[in-house]
C-alpha cells in the first residue's frame, strides 16, 4: 500500500490527467445512456394486472382517462352557450394527438347516441349533433339523457349542473415519439389548449384524471436534479462548517460527483438503461462517496498534525490570519442567504422564490466566501509556480506529503474493504427479475467502485499538489465543534455507567418500530402524492363528488371463442356483476355493452321498461348488435366489445384511486365471478389503478427482498473479513436498525409502503455498514497499537466517529431541503426518510455497536490488546 | 444571389401565367367538370339487380367481420333513389334477417328490419347522409351519390388509374351546410374518360385532413345501352380510424325485372 501510494504521489500530475481524461470520456458517453420512462418496461409484463391493462389498451384503446367537467354557475347545463362550449371542447379534443378519438365520451361525441323506442321500432341518433337553441330542443335533449341510463353520471351529472368530457389518452406511439408528442405534460398542455378558450364567467371548468396528475409528477420530477444540486451545496456547507477548510467543502463532493458521472457513463457504454425509479440512486452514491472522502480527509488532518515538526501541539494562530478570519465568517455568510431562502420559500410555497431569495442575499453576503476562494486560489497558484516559501516552508510541504501517504496507508484498506463489501451487496441484485432493481444494483455497485478508484488515486494526487494547510486552517480544523461534543458525549456514555441506557433506548426503539411496522400497508394512491391544496386536486375532488368518479378500473371479460359475448348467459352475468359492483362503496357507475343491449331491447319493445333486460335469445342479441352497427358508426362500441365479440370491457368508475380499495373490490369481484359466470369465461382487471397496484406490489416486495439480500451479503462478507460471524452481526446492526426505524416511523406516521417510500428505504441499506466498518477497523488499530481500552474508544469516536457524524448530518441536512418542495409528498418523504436513516445508522454505529463490543468483548477486536 | 432568386421567381410566374392563358380556352371547349360529374352521378344507377355479396369489415388490428348477403335493388321512378332489400345469409346468428332500405335523397332514410328471432318487422330511424352505410366505411351519401349541383367541380389533372385514363376532379361543397351534412370538406374523384365511372376517390374531413380513400375494381358495363356500370369490388378505408371495408359482388344479374312487391314489409315477413 505504501509503495503504491508513494507512486501515486510521485506521478500526481499524470494521475490527475488520467482521471480527468476518463471523466471527460464518461461525460461524452452520457449521451449513449438510454432513459426508460415507460413503467411498463419496468414491471414484469407477466403480472396479470399489467398484461390485462396492456391488452385492454391494445383492443379497446383505453388507458389513461382525462376528465373535463363543465359546470354551469347559474342554472343547469341546458343553455345553448354552455352546450356549445362542450361541443367545441369535444371537437378540439377529437383533433388532439394521442387522444383516442373514437373513445371520446361527451354529450357532443358522435358515439354517444340516443337509443329511443318508436311506435314501430327504434330510433338511434347522435345525442347532440347540433346544439339545440329552442326551449323544446333543450327539453328534448334533457329527456334523451334521462332515457339513456348509460350516460347519467358519466356525461351528465344527476343534478344536470355538470357535463363531463372523458378523453382517453394512449401511450406515445413510435410516430408520436418522432414528432416529440411524448410525456404527459405534452398531453396535458394540449388538453388545456382545447379547454382554456371556453373558460369564462358562465361556467367552472375543471380538468382532472391521470394525464394531468402524471404531468404534475413530471413537473415535480424536474425539480429532482435541482434539489440534488441544492443537497450537494448544503452538504458542502455543512462539511465546510465541520472542517472549516476549503478542502472540507470541496473534496468530499468531488469524489461522488465524479463517481456518479463514471457510473452513468459506464452504463451508457454497457447499454444498461436508466429508469425513473433510479433517479434517487445518485443520492446513495453521494452519501457513500462523501462518507469515504470525509474519513480520509479527517485522517489526513490527523496525520498532518502528527507529521508536522512541532507535532500536534496547539500553536496559537496569528489574529490576522486570513484563513482564520474568512473561515470563521464564511459559514455564517453562507448560512444567512440559505436560511433567508428557506424562509422566503416556505412563505410563498414556491421553491423558485426561495432560490431567488438565496441568490439575492447570497450575492452580497457571500463576499467573504468569494474572498476566501480568491485567497485560496492565489495561494494555490503561488504555491504551484513558486516561490513556495511564501505559502509554506519545506517542513510543512514534507509533512503534507507524509500525511497524504500515511492517511491512505491507514484508511485505504478499510475503504477498500467497506467499498467492496457494499458493491458486492449491490452487484448481488443482478439476480432480480425486475429491471429497475438490477439497474439499481449495477448503478450503485459501479458508483461505489468508482468512489474507491477516485479516492485511491485522484484525491491523494490532488492533495499532494495542493499547498499544505496553513496554521490557521489546521487550528480551525482542530477546534471543538458540535460534532466533537456529540461524539465526546457518546464516548463518555458508552464507557460509563449509562451504557445500559443505550440498550434500553434501543429496545424501546425496536419495540416502537415493530409496532409501527405492524401498521404498515402496501398501498399506493397516485393522488395521495399531492397536497390537497393544488388546483388539480381541488378540481378532482369537486368533479369526483359530482360525477360517477374520476378513476377508472377496467374489467376484461374474455370468452373462449368468437361471439362468446353474445351469449345471453354471459351478458346476464355481466349485467348482474355491474349491479353488484355499483352497490360497493366508492363505485359510481359501470358501463358495458350489456347496458346498451338492455336499452335496445327496451326500445325495440316500444320503450316498455319491463324489457330493460338482456333478451333470452342469442340470435336476438346478435340481431340487435347488427342493427346498432347499421345505425351507428363502425366504431361506436369499440370501447366496450372487441371486433369478434370475444372480449368485452366493463368500465368501472370509482371515486377512489387507492390500490387497497381496488384490491378489496377485485377480490369481491372474483368471488362473484366464480359463482355467477359461465366457466368458459374469464374476468381480469386492468387500468391505471390496477397497474399502480401491480407496480406497488411488485416493486415494494422486491425492494424489501433487495434490502434483505444486501444485508445478507454484507453480513457474509464482514464475517469472512473479520473471520467471525460476530463481526458480521455488528456490521449489520446499524443498518438493520435504520431500516427498522424507517419502516416503523412510516407505520406510526401513517405512511404506506409505496414505490417512493420503498425506494428511499432501500437506499438506507447502503450507508450504515460503512460507518460500522470504519469504527471496527479503527478500534482494532488503536487497541493493537497499545492504547488503553477507554482511551481507544474515546479516540475512535473523536476521529472516525466524528467523520461519520459529519457525513451523516451533512447528507441528512442536504435532503432536509426537500421538505420545502411543496405540494409533492414524495419529496417530503424522501427528506424525512433519508434524514432518519442517516441519523439512526450513524447513532447506532457510534453508540449501539461500541456498547455491544464493550459488553461482549469479542475476540477479534480485543485480540490485539497488549496485556 | 438574392436578386437572381427574385428574377427566377418572376420568370416562373410568367411561365405559369402563360400556361394558364393557353390552357383556359382548351378546357372550356372540352366537357366541363360539372358535366362529367353529372354523367358520373347516374352511371351506377342500374334499372334493377339481384346479387350475392360478401362484406368484409376489417378494423385497425386486422380483425374481420364477414357478412354474406343476398340482395335485390330496383331504381325508383325518379331514377335516383334505389330500393334495396338485403337478406343476411352469414353470420349464422343473424341468418334470415332482412333489411329494406328505401333511399330518400331529400331526407333521412328509413330502414325496415325483419328480426327472425322475434318474427317481427321493426323500423329503424337512422341519422343522416354522412353516417356509415350499414356499418361500412361508405356513408349513405357515398352510396346514393352526392348531388352534382351542391358542389363546385374543377378538373385538376389527368392520371392513369389501373391503366385507364381518368380525369382528376376536385369537388368542394358550395356551402357549409352541405359540407356538414356530408362530412366532407373536399372530394377528389378519378373518373374514367368516356365511361364516366369512378375508379378512385379521396375524401377529406371537415378539418381538411384526408379521411377516406375508396377504390372501385372489376368494373363491368352491365347495361350498355344506358352506359350503366357496376363495380364487382368496392373498397373504402377510413384513414383516421384504420377501419376498412371490402364489398365483393360474388354473383350479379342486372335488369331481370325485379318486382316492386319485393320491397314491402309484408314481403319481408313472408319469407
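Protein chains in written order, with my numbering: chain A, 1 to 867; chain B, 1001 to 1271. C-beta: ideal position from N, C-alpha, C; glycine also. Here the structure is a predicted model, which means the values were calculated and not measured.
Asked, Found
"Look at the alpha carbon of residue 522 of chain A and the alpha carbon of residue 761 of chain A, and state the distance between them as a whole number of angstroms.", "14 angstroms"
"Spatial neighbours of residue 415 of chain A within its chain, please: C-beta separation below 8 angstroms, excluding the five flanking residues on both sides.", "292, 295, 296, 452, 455, 456"
"Alpha carbon to alpha carbon, how far is residue 344 of chain A from residue 787 of chain A? Give it in angstroms, no decimals.", "52 angstroms"
"What ranges does the alpha helix (DSSP H) occupy inside the region 187-241 of chain A, keeping only unbroken runs of at least 4 residues that lie completely in it?", "210-221"
"List, in chain order, every chain A residue whose beta-carbon is nearer than 7 angstroms to that of residue 1068 of chain B.", "Those within 7 angstroms of residue 1068 of chain B in chain A number zero; the least Cβ separation is about 13 angstroms."
"Mind checking who residue 1166 of chain B pairs with in its DSSP beta bridge?", "B/1159, B/1192"
"Cβ of residue 419 of chain A less than 8 angstroms from any chain B Cβ?", "no"
"Which whole runs of the alpha helix (DSSP H) in the region 792-850 of chain A are 4 residues long or more, in chain order?", "802-816, 825-843"
"Could you work out which residues of chain B lie near residue 118 of chain A, taking near to mean beta carbons separated by less than 8 angstroms?", "1123, 1125"
"Can you confirm whether residue 1005 of chain B, when its beta carbon is compared against all beta carbons of chain A, has any partner nearer than 8 angstroms?", "At residue 1005 of chain B, the pLDDT of 49 sits below 50, so the modelled position is not reliable; the number obtained from the coordinates is stated separately. Chain A, which has no Cβ nearer than 8 angstroms to the Cβ of residue 1005 of chain B, makes this no."
"Given residue 198 of chain A, which residues of its chain have a CB within under 7 angstroms of its CB, disregarding the five upstream and five downstream residues?", "85, 88, 89, 205"
"List the endpoints of the continuous alpha helix (DSSP H) containing residue 108 of chain A.", "No alpha helix (DSSP H) contains residue 108 of chain A, which DSSP labels as neither H nor E."
"Just to confirm the assignment: which complete alpha helix (DSSP H) runs, minimum length 4, are found wholly within the region 420-473 of chain A?", "435-456, 458-465"
"Go ahead and pull the three-state DSSP assignment for residue 151 of chain A.", "helix"
"Kindly indicate the opening and closing residues of the alpha helix (DSSP H) around residue 1228 of chain B.", "It is not in any alpha helix (DSSP H) - residue 1228 of chain B instead sits in the beta strand (DSSP E) that spans 1228-1238."
"Restricting to runs no shorter than 3 residues, where is the beta strand (DSSP E) found entirely within the region 596-655 of chain A?", "647-654"
"Can you check which of these residues, A/28, A/642, A/533, A/140, is closest to residue 130 of chain A by C-alpha distance?", "A/140"
"Name the residues in the region 1032-1054 of chain B whose C-beta lies less than 7 angstroms from a C-beta of chain A; which are they?", "none"
"For residue 493 of chain A and residue 66 of chain A, I'd like the C-alpha separation in whole angstroms.", "59 angstroms"
"Given this structure, state the Cα-to-Cα distance separating residue 33 of chain A from residue 273 of chain A, to the nearest angstrom.", "6 angstroms"
"What is the rounded straight-line gap between the Cα of residue 753 of chain A and the Cα of residue 373 of chain A?", "45 angstroms"
"Which residue spans inside the region 1126-1155 of chain B form an unbroken alpha helix (DSSP H) run of at least 4?", "1140-1144"
"Identify each residue in the region 1185-1216 of chain B for which the Cβ-Cβ distance to at least one residue of chain A is less than 8 angstroms, and report them in chain order.", "1207"
"From residue 696 of chain A to residue 47 of chain A, what does the alpha carbon distance come to, in whole angstroms?", "12 angstroms"
"Using C-beta distances below 8 angstroms, list every residue in its chain close to residue 484 of chain A, excluding the 5 sequence neighbours before and after it, in chain order.", "798, 802"
"DSSP has residue 1204 of chain B in a bridge; who is on the other side?", "B/1186, B/1210"
"With 16 other CB atoms within 10 Å as the buried threshold, where does residue 1266 of chain B fall?", "exposed"
"Determine the direct distance from the alpha carbon of residue 253 of chain A to that of residue 290 of chain A, and round the result to whole angstroms.", "6 angstroms"
"Tell me which residues of the region 515-538 of chain A have at least one Cβ-Cβ distance to chain B shorter than 7 angstroms, keeping chain order.", "none"
"Beta carbon of residue 774 of chain A, beta carbon of residue 800 of chain A: below 8 angstroms?", "yes"
"Name, going along the chain, the residues of the region 73-101 of chain A whose beta-carbon falls closer than 8 angstroms to a beta-carbon of chain B.", "95, 101"
"Which residues, taken in chain order from the region 596-625 of chain A, show a beta carbon closer than 7 angstroms to some beta carbon of chain B?", "604, 617, 618, 619, 620, 622, 623"
"Heavy atom of the ligand ADP less than 7 angstroms from the Cβ of residue 578 of chain A, yes or no?", "This structure lacks the ligand ADP; in fact it carries no ligand of any kind."
"What whole-angstrom Cβ distance do residue 841 of chain A and residue 719 of chain A have, given they're in contact under 8 angstroms?", "So it is not a contact: roughly 19 angstroms between Cβ atoms."
"Just list the residues that DSSP pairs residue 1070 of chain B with in beta bridges.", "B/1052, B/1087"
"For residue 644 of chain A, which residues in chain B fall below 9 angstroms Cβ to Cβ?", "1063, 1064, 1065"
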